[in-house]
Every structure is written in structure tokens, then in C-alpha cells.
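The numbering of the sequence shown is full-length UniProt numbering, which starts it at 1 and goes up by one.
Note that the Cβ used here is the ideal one computed from N, Cα and C, for glycine as well.
Predicted model only: the values in this text are computed from it and were never measured.
Written out below as C-alpha cells is the structure these notes cover.
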Amino acid sequence: MTTSKYEESIKELGSPDSNKRLKALRFIKNSVIGNKTKKELYIKLGIVQRLVDYLSLPEESPYTLKIQAATILGSIAYGKDDNVSAVITSGSIVPLLNTLSLPHDKHLIESLRQRRKLIEASTRALKAIFTASSSKSLRNACITEKHIRDLALILKVTSGFLIEESSVATTSEGLSFAMIAEFTAAIVSKCCDTDTQQLQLQEAGIVQPLVDILHSHCIKAQEAALDALSSLCHENRLLGDIIIQSKSSNTGQTTLSTMLDFAKGKCPAMRLIACTCLTNLYRTGVFTEPSNDIILIVLPALVKLLQEPTGDIQEKAPLVLADLIKDDEEMQKAAYDADAISKLAELLASVSSREIENHTCQLGIPGMGSTAKRKEKIQENSLIAIAAATLSKEECRTQAIEAKVLPHVISGLNSKQSGVRLAACQCAKSLSRSVSHLRTSFVDENVAPHLVKLLHDESQTVQAAACGALCNLVLHFSPMKKSLLEAGAIDKFVQYSKSNDSNLKINGIWAINNLLFKAELDEKKSVMEALSFDSLVDLLHDQNTTIQEQALEIVRNLVFGEQEDIDWVYEKMGKETLLDVIENKLQTMDTHEDGEEPVASSILVPTLYIIVNMCSNAEAPKMDLTSRDIIVRSAIELLSHEDDAVRVAAAWVLINWTWGDTNDQKEDLVNRCKRLKDLGVQDKLELLIDDDPCFDVRDRAKTAYTQLSEALG
């Protein structure tokens, strides 16, 4: 293919004659629009930097040149990733943003009319760039407070025009204003990555124009405005409150009722965006009584969207559903009642069928990217949603198992795409929380080997997720525990426990902890031979509190059992080292560089249960522990802790310290109880029995008090 006329058009861009430059720009524009080959050709010929130079021309330069330059940049940005990268690296974003400034020497509507075509071309280009680029840091670096004020002003002008004009769709000016509103709102939705940005946009007055656009009857602009509001309130309670309280300037209708109307509407794309926005609002906690509208309107709408074979709806709806129900048992129950899990299973099956695998049919109307890519994203997102839906409630896990989800989980574990493998691991982890299905379905489907294989995955994130899923499979009641150990799982868990990756490290330690739960002494020795007590001591003093917690749980499991278990730990770890660890972790205040902070309950509880386990049988460990004054006084002090779980654990410590199972131990018991009484334990226990709000605390305190009284006669 000859390139002479294309090279000639590039040369013409340097002509001193503005008419020749304009003609060249129009030729380039007509060449690249809708033509991938020509876009790549012109990028190689250096067109992008030339276009940026045109955008940076002085104000008195002809707008027509800037309009053509912005249009061409936008067309190139609607291409493959390399095209977008070329546009970004050329430094085009700031010049494009600078073209959005409205002069203040005229009425605002007239100023926008004067620059309408340029602003339309620039906002279109910026929308294309921001939509294609996932770089948050890029947007943060480019967009200044002035740019934010310009965006807000454009929205204010266009929203006022759209809600006042009834004939928007019949005039070129009306259509242009609608597109500018749409593109600007789309830009705003990509500039809400941080609390600071969200607050800057709100302070610039961005919320009300977006709310007004919702009542403009311009569907694309409405979708973009709703998407921007959704991004503004993402994880931001303040913005959520402002949006909930806002009303249309034209109709007075509340934004919440408008969103609920959209969620029940006929347009699938609008329903999805409305459900996303309502989900984001729900997650901020702005609703005082959210359940009815969310459960009765949003959840059924999302479930229905799972069956919508249009555009990218099936790809996105599962993620919105997952976000709505994650860590929320009420919502998970509602999802169960709405049969969401079965519908997700059907969606998984539809993208796992032989026909789809071979690409002989399409998933409705293709969305962004190929059918194969969309299939992978639907598979990934559906697995994420099932993981969220089955996290807490047994009936949800049973519904998933009965819907034949496990074969699709295994398919996901063997996917070529790391995102799908990760989602499948998360799904396996949630489903494996069911003891009954762990003993039956997981064995029948032979899930374990597929997870073990992923311990060697090329992605550390997938390795960590596979390890997290295996945590439940190595518990003492799991029929797969033996085969996992034979497959070398211990060595991988130990390797992970020494990793620099925090997620990998935490999951490795968690798996070791679960391996040791109710383990026999020979199993403990096998695990600790691989880990070593020196490594365990290092983990006990790790900077990460979660790692410390799991390491303490390991010690708790190691000292559970008979006296010989404790003797073995004393021998291998060192008695004084173990007592030092317990004493250190029971300190209620921890010293940091910026002052003292309370020790987390997650550290105190396992430490107290280490004492409980050590004092469950023989007398010697009780004497060892109570010989440490700090340990005794700390345990007593923790009877008054604000956390119920800490008080329960401390009461259990007192139960074991005030109990002896033979007459031979009578003298030690009496002496110990006298000391406890002298330290005020009896009065503290009486107070707990009478006033503690937690039944478990009152019950344990009563037992300890009775034993203390009987020992003292």
C-alpha cells in the first residue's frame, strides 16, 4: 500500500496556509475514522504529537484547526491499547482539558455555544482516553482544580439547557449539548478515585447538574450522569448523604426515587447503572432502613439482568450483585430467596458450553472485545458473585452445590486466565466452609488436586488464593487432609509463611494453623519439623498483627492436648521463651513510635486461650504461668475488657486456675486461689455475675467464682 498521500497530508500540517492545514486535517480525520490500519499508519508517521501541538495553539488561532485535531485524537483513542498509549504519552490530556475553559465575557450559554464544537470534540476524546486507560495516577496527575471547575461549569450549562428545552433531539445544537453533557459526565465518573477528588468535585457543584441531567430525557446523558453519581458516592458516606438528599431542580423529585424508577425501568443498561449506584449508596450506610427497597427492587433487578443477553450486561451484573451482598448476611439470605445463586449457575453453564467454547454462537450482542474475552469475564465475575453469595450461610452453599456449580469451579481453576483462576479459588473457599459438602461433594468432584496444582501457579495472587481455599481442606475432619499432606502441601505452606508477599504469608500461616487444629502429637512434630520453632518465634513478633494472631493460634493448637504436648513445646521452644511470649502479648498497651496504643483483641484472645489450653490438665503449667506476676495481673485486668470475647477468655483462664483434679494438688490450688483473692478476683467475678451484659461472661464468671469459693472453704 502506497503511503505517499498520507505522508503528504502530514507535510501539509506544517504549511503557513491555514486553509491547507485545515484541508489536511480533514483528510486525516476521514482516513482514520473507523479504520484501524490508517490509525496505526498515522501514529507511525508522528501524527499524535502534531495534533497535540495544534491543541496548544494560542487562543486567537482558528478554532476549526483545534476542532479537527481533537476529533482525530478521539478517533485514534477509540482503538487498541497501543493507540491509547500513544495518545497518552504524547501529553494530550492536559491540552484537551484546557480547551474546556469557558470565557466569562459573555453569558455562559453563549460562551458554550461559541465553543460548542470544540468542547464536543474534546470531551469525546477525553471520554475515549479515560475509558480505555485504567491508570488512576495518570488522571490524578493531569486534572487540576481548575479543570474540575471547568467540567462542573459545562455540566451546569448543559443540564440547564437540557431540562428546559423539549426539542433537544430535533436540533443539531440540542444533540450537541446532549453529547457534551454525556461525555463530560463520563469524564467525571473517571475522576472519582479518591476521597479528595470526590470532595473537590462536590465542592465545585457537580452533584446538582448530574441530578438534573437524570430528568433530561436524553438517555445516553442520563446513563452517564447516573454512572458519575455512582462513582462519586463509592465508599464515601458524605457524598452518599448529599446525593440521597438532592432533588431535581425541574421536578422536585428525589434522586433516590429517580434511581429506584430507573432500576425498575425497561432499559437494561440504565437498570444496571441504577443498581450499581444504589449498591454503592447502600455500602456507604446512608440508608436508615435500606432493606425493603434494596431487597424488593434492586436484588430482583440484578437477578433479572443476569439473564439479559445484551451488550456487556451479563459481564457486569454479577460484580454489582457481589458488591451488594458481600459481608452482608441479610443480603445473602435475600439473594438466596431471589434464586440468584441458581441464576448465576445457569450463567456459568452458558459460558462453559461446548458451543460457546468453540465460538459457534454469540452471547447476545457482543460488548467490548471479542466473544471469547467476554465469556472469560462472565465466568470470572459469576464465580466472584457465587463466592460472595455463599460466604456465610449454609443454605446458600447447599443451593450452589445442588445447582452443579463445582464442575464450573474446577473448570475455572484450570482456566488460562489468572483472573478466572483467582475467582474460582475464592468460590472454592466459600463453598468449602460447609463441613457436610467438604466431606461429600468436594471429595466426589476431586477438587483438592486442582487447588494443589495452583500452589505452583505463575501468579502469587492465585497461589495465595489457592492456599486460602486449602485452609478448610486441611482441618482434622476433612477426608482430603491426608492426601494433601502426601502431595507436599506442608512444604508449600511453610514456604509461603516466609514470603515477602503479605497475603501469601498470612494464608500460609493460616493453613499451618488449621493443619495443627486438634492434631495428634506426631502430626504436630511433622509440621513443626518443616516450620521450625525459631521461625514460629519470629512470626509471633511480626509487625503484621494478623500474622501475630495466626502464629499465636499455632501455639494455642500446639499446647492443646496432654501434658506431653506441653512438655514437647517447652523442650523445643523453651519454657521461658513461651512464658515471655505470653507475658508480652498480654500487655494491654503496646508502645509505638507515636505513643501507646491498646493491644488488639485479636492478639489478646488467642494468648488467653494458650493459657487455657496449658492449664486444662496438669498442675505444673498452672504453677509456671502463675509464677509470672505480670501474666496473673494481666489476666485479671482483662476481666474488665470492653470486648466480650476477651472477657470470656479471661474468665476461662480463671476457671482453670481455680480448679484442681486431685487431692495431691490441693495445697497448690489453695495457695493459688488465696493469691487471686488477694488481687481482687473474687470481687471482680461477683461484679461480672451481677452486671455483665454477655451471658457467656456471666456463666463462666459464676463457675470460676464457685470454684474459688470452694477451694478457699
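Going by alpha carbons, who is nearest to residue i out of the options?
| i | options | result |
| --- | --- | --- |
| Trp510 | Leu531, Leu521, Val351 | Leu531 |
| Ile109 | Arg374, Ile180, Glu40, Ser18 | Ile180 |
| Ala711 | Leu669, Arg700, Cys277 | Leu669 |
| Pro407 | Ser392, Leu638, Gln379 | Gln379 |
| Leu383 | Ala372, Lys373, Arg421 | Arg421 |
| Ala441 | Leu299, Gln399, Gly34, Leu504 | The residue you asked about is not Ala; residue 441 is Ser in the sequence shown. The residue with the shortest Cα to Cα distance from Ser441 is Gln399. |
| Leu521 | Val569, Glu330, Ala649, Arg374 | Val569 |
| Gln543 | Ala489, Arg556, Glu564, Val599 | Val599 |
| Arg397 | Arg374, Leu102, Gln332 | Gln332 |
| Ile119 | Lys106, Cys142, Thr64 | Thr64 |
| Ser436 | Glu395, Cys427, Ala403 | Glu395 |
| Leu73 | Ser61, Val94, Lys666 | Val94 |
| Leu654 | Ile512, Ala645, Cys673 | Cys673 |
| Leu454 | Ala489, Asn513, Asp212 | Ala489 |
| Ala464 | Lys492, Glu486, Leu485 | Lys492 |
| Leu586 | Phe695, Ile610, Leu112 | Ile610 |
| Gly508 | Ser478, Thr546, Arg271 | Thr546 |
| Lys377 | Ala387, Glu402, Leu348 | Leu348 |
| Val303 | Leu438, Tyr336, Arg283 | Tyr336 |
| residue 735 | Ala269, Asn292, Glu315, Leu319 | This structure does not reach residue 735, given that the chain is present from 1 up to 713, and the question cannot be answered. |
| Val84 | Lys38, Gln68, Thr131, Ile219 | Thr131 |
| Asp644 | Cys694, Lys416, Val474 | Cys694 |
| Gly91 | Glu59, His107, Ile143 | Ile143 |
| Val462 | Ala423, Ala519, Phe287 | Ala423 |
| Gln245 | Glu235, Val286, Lys264, Cys267 | Val286 |
| Asp150 | Leu102, Leu112, Arg124, Glu165 | Leu102 |
| Ser478 | Asn500, Val494, Phe517 | Phe517 |
| Glu308 | Pro268, Asp534, Asp212 | Pro268 |
| Leu126 | Lys266, Phe183, Leu473 | Phe183 |
| Val474 | Asn500, Asp457, Glu523 | Glu523 |
| His107 | Lys373, Gly419, Lys156, Lys343 | Lys156 |
| Ala372 | Gln417, Gly561, Ala389 | Gln417 |
Using a Cβ-Cβ cutoff of less than 8 Å, which residues in the same chain neighbour residue i once the five nearest sequence positions on both sides are dropped?
| i | result |
| --- | --- |
| Thr706 | none |
| Leu579 | Asp624, Leu625, Arg628, Ile631 |
| Leu391 | Lys326, Asp327, Gln332, Ser430, Arg433 |
| Leu688 | Leu639, Arg647, Ala651, Val697, Arg698, Ala701 |
| Met270 | Ile219, Gln222, Glu223, Leu226, Phe262 |
| His104 | Ser111 |
| Gly412 | Gln379, Glu380, Leu383, Val420, Arg421, Ala423, Ala424, Cys427 |
| Glu583 | Arg628, Ile630, Ile631, Ser634 |
Leaving out five residues before and five after residue i in sequence, what residues of the same chain have Cβ atoms less than 7 Å from its Cβ?
| i | result |
| --- | --- |
| residue 714 | With the chain covering 1 to 713 only, the question about residue 714 has no answer from this structure. |
| Ser483 | Ala448 |
| Tyr496 | Cys467, Leu504, Lys505, Asn507, Gly508 |
| Gln563 | Asn617, Ala618 |
| Asn358 | Only weak support is given to the placement of Asn358: the predicted model assigns it a pLDDT of 42, under 50, and the question is left unresolved by the model. |
| Ser15 | Arg21 |
| Pro621 | Ile566, Met614, Cys615 |
| Asp195 | Asn236 |
| Val52 | Ser90, Gly91, Ser92, Pro95 |
| Lys38 | Ser31, Val32 |
| Leu45 | Tyr6, Glu7, Ile10 |
State the CB to CB distance for the pair residue i and residue j, rounded to an integer number of angstroms; the pair is presumed to be in contact (CB under 8 Å).
| i | j | result |
| --- | --- | --- |
| Lys66 | Tyr78 | Rounded, the Cβ-Cβ distance is 19 Å, inconsistent with contact. |
| Ser122 | Leu96 | 5 Å |
| Ala224 | Ala185 | 4 Å |
| Ala317 | Leu299 | Incorrect: roughly 11 Å between the Cβ atoms, too far for contact. |
| Val527 | Met480 | Contact flag wrong, Cβ pair sits at about 17 Å. |
| Cys427 | Gly468 | Wrong, their Cβ atoms sit about 12 Å apart, outside the cutoff. |
| Ser216 | Ser159 | 7 Å |
| Lys29 | Thr71 | 6 Å |
| Gly574 | Glu619 | Incorrect: roughly 21 Å between the Cβ atoms, too far for contact. |
Below 6 Å CB to CB, which residues in the same chain sit around residue i once its five sequence neighbours on both sides are set aside?
| i | result |
| --- | --- |
| Ala86 | Ile43, Val48 |
| Lys498 | none |
| Ala228 | Ala185, Val188, Ser189, Leu210 |
| residue 738 | The chain is shown from 1 up to 713; residue 738 falls before or after that span and cannot be answered. |
| Phe161 | Phe177 |
| Val452 | Ala487 |
**Request:** Tell me the start and end of each unbroken alpha helix (DSSP H) in the region 515-598 that is at least 4 residues and wholly inside, in chain order.
**Result:** You should have 521-531, 533-540, 545-558, 563-573, 575-585.
**Request:** Quick one: which unbroken alpha helix (DSSP H) runs of 4-plus residues sit fully inside the region 462-490? Chain order, please.
**Result:** Secondary structure in the region 462-490: the alpha helix (DSSP H) runs of 4 residues or longer, each lying completely within the stretch, are 481-486 in chain order.
**Request:** Say whether the region 188-205 touches the region 246-253, bearing in mind that this needs 3 or more beta-carbon pairs closer than 8 Å, one atom from each stretch.
**Result:** Too few Cβ pairs lie closer than 8 Å, so no.
**Item:** Ordered list of alpha helix (DSSP H) runs contained in the region 17-84, each at least 4 residues
**Value:** 18-32, 36-44, 47-55, 63-77, all fully within the region 17-84.
**Item:** Uninterrupted alpha helix (DSSP H) stretches inside the region 201-231 (no shorter than 4 residues)
**Value:** The region 201-231 is shown to contain whole alpha helix (DSSP H) runs of 4 or more residues at 207-213, in chain order.
**Message:** What ranges does the beta strand (DSSP E) occupy inside the region 99-136, keeping only unbroken runs of at least 3 residues that lie completely in it?
**Reply:** Taken in chain order, the whole beta strand (DSSP E) runs of length 3 or more contained in the region 99-136 number zero.
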